[in-house]
Every structure is written in structure tokens, then in C-alpha cells.
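Trainee:
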Amino acid sequence: MGNVLFIFAGIPVYSYGFMLGLGLVFGSLIACRESRRRGLESTDVFNWFVLTTVVFLIVGRVAFVFALHGWRTLTYPWVLFTSFQVDEVAGLIGAAIFGTYLLFHLFPRPLVFLDAIAPSLALMQSFANLGSNVFGRQTSVPWAVRLGYFTLHPMPLYGAVAYYVVFAILWRSRRQVRFDGQLIIGFVILSSAAQWILLRFREMSAVSWDPLLYVLPAIVFGALWIWLYVRAPLLPSSRRRGQVSFVSWLLSVLGVVLTMAVVFFWRLG
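Residue numbers (this note's numbering): 147 to 415.
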């Protein structure tokens, strides 16, 4: 349901892959812009994004195929290229390990780089959620998604909105950074809080994650963030006055959320 977004040259374009691709494009562009503002080489930032994405796809694809065929994958390696499905967890683990290696190899100040990409990480997750087809538990809310005889929470929309709010907060805060690591720690806190909220709408199973796995990082990193923020020097008054008004910021967020809702229900229609 809503899995194929459109047909291009006779080839089906899937909603998840298309939205993930858009997220990678916009996320890498924003990260390159922020990296230049912070004195980093935009080429290194772009290479980091490209290489970690390639590792995610390769590791995720190999893990997905190996789970189906086991060691027979070595006998019939062409099955790796017969579809585009990937094991997201395995891909993320591989990308995280390789990305961490590149982080210390390419950037002398890793926390500055992580602050530069923190908003992009949230934006990419927002796009990826918007293209997902994993729905939540049964509900009777008016905006529920109907799947056969079931009406389910639109988890992709909830996740997209949650991570766009995370992006908007980080983007608004990017010029008021008082210590290295402020934005990436903020991303961990807000992401953990968002996942904890989203758990209420997911279909739970025996292998579902414990809510404490999201609460504890939010508490620990929240305490660390407050401690570092209090100890950091104050910003110049000119930088504190440079923000867009809160009302304008809130209206822009609401406009994007409304657009997301329209796109989400359009692709399911």
C-alpha cells in the first residue's frame, strides 16, 4: 500500500528509497554549508556522507541477502543485485563504525564536524520516516490509515513530524553554540525523547525495545548538556539578537508539517 511512489522509464520508484535519497541530498547540502561556516573543508564533509552511505547500502544489502540464503550467497553472489532491500539495522551499524573511523581520520576537531551535521541527521531521518510504510497500532483517530479491516496510527507521518521538529530546533540554535558538541548532544537528547514519545503509537511485540533505552540517554546526555552549557562562556549580545522571531519560526514549522501531511496522505491515496 503506497509502496511504489511512481513509475519512471518503466522502473518502479519506491517511496522509502525516494524519500531517503531526497534526505541524503538535502542533508549533505546543508551539512556542507554549515561546515564551510565553521571552517571545515566541504569536500571532506561531502566525502564522509557519500562513503558512509555506500557502506550502509553494501552492509545492509549483504546482511539482508545473507539472512535469506546463508552461505549459499557465496555460491550465487548475483542475488545481491536482484532487488534493493536492505537490513537497516546492520547497515546503520556498519555505517556508524566506518563513519566513526572517517570522523577521526578526516577532521582534527570531530565535535565541530558533528555539530555541523547534527541538523542534517535529523532532516534525513524526517525524510526517511515520511517514505516508510511501517504503521502503528490500531486506533480510531480520524487521521488513521486504513489497511484492509484495520485502522492504524500513521507512524511514518508521526516520525517525520517529530524529526522535523528536532531539525527545526537544531537549525534555530546553530548560531548560538556555546561549546563544541552542543548540537550533536542536543540531537541525541531530542532524538531519544522523540523515540520515547513515538513508542506509544507503535505496535508492540516481544522484541520491542524497552522505553528505558530511550529515557536513560535523554537523562544522561541532558545532564551533560546542562553542565557544559553552564560552564561555557556567554555569547556576544549581537549573536543572541540575531534569531528569527519565535512566532515566525513556529509558523514555518507548522507550514512544513501541513505539507508533510498532504504528501503522506497523497502517496497513500
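Note that the Cβ used here is the ideal one computed from N, Cα and C, for glycine as well.
Any idea what DSSP makes of Gln271, helix, strand or coil?
Mentor: helix
Trainee: What does Phe152 pair with, by DSSP beta-bridge criteria?
Mentor: Val159
Trainee: Thinking C-beta only, is Tyr162 closer than 8 Å to Ser278?
Mentor: yes
Trainee: DSSP three-state call for Leu381: helix, strand or coil?
Mentor: Of the three classes helix, strand and coil, the one that applies to Leu381 here is coil, per DSSP.
Trainee: When you compare the stretch 209-222 with the stretch 242-253, are there three or more beta-carbon pairs, one atom per stretch, that lie closer than 8 Å?
Mentor: no
Trainee: Under the rule that 16 or more other beta-carbon atoms within 10 Å means buried, what is Thr405, buried or exposed?
Mentor: exposed
Trainee: In angstroms, rounded to a whole number, what distance separates the CA positions of Phe273 and Ala306?
Mentor: Approximately 6 Å, taken between the alpha carbons.
Trainee: In three-state terms, what does DSSP make of Arg292?
Mentor: strand
Trainee: DSSP state of Leu298, grouped into three classes?
Mentor: strand
Trainee: Taking the beta carbon of Tyr375 as the centre, do at least 16 other beta carbons fall within 10 Å, making it buried, or is it exposed?
Mentor: By the 10 Å Cβ count, Tyr375 comes out exposed.
Trainee: At a cut-off of 7 Å, is Val311 close to the ligand MN when judged by its beta-carbon and the heavy atoms of the ligand?
Mentor: Questions concerning the ligand MN fall outside what the structure shown contains, since it holds no ligand whatsoever.
Trainee: Do Leu370 and Ile330 have their beta-carbon atoms positioned less than 8 Å apart in this structure?
Mentor: Not closer than 8 Å, so no.
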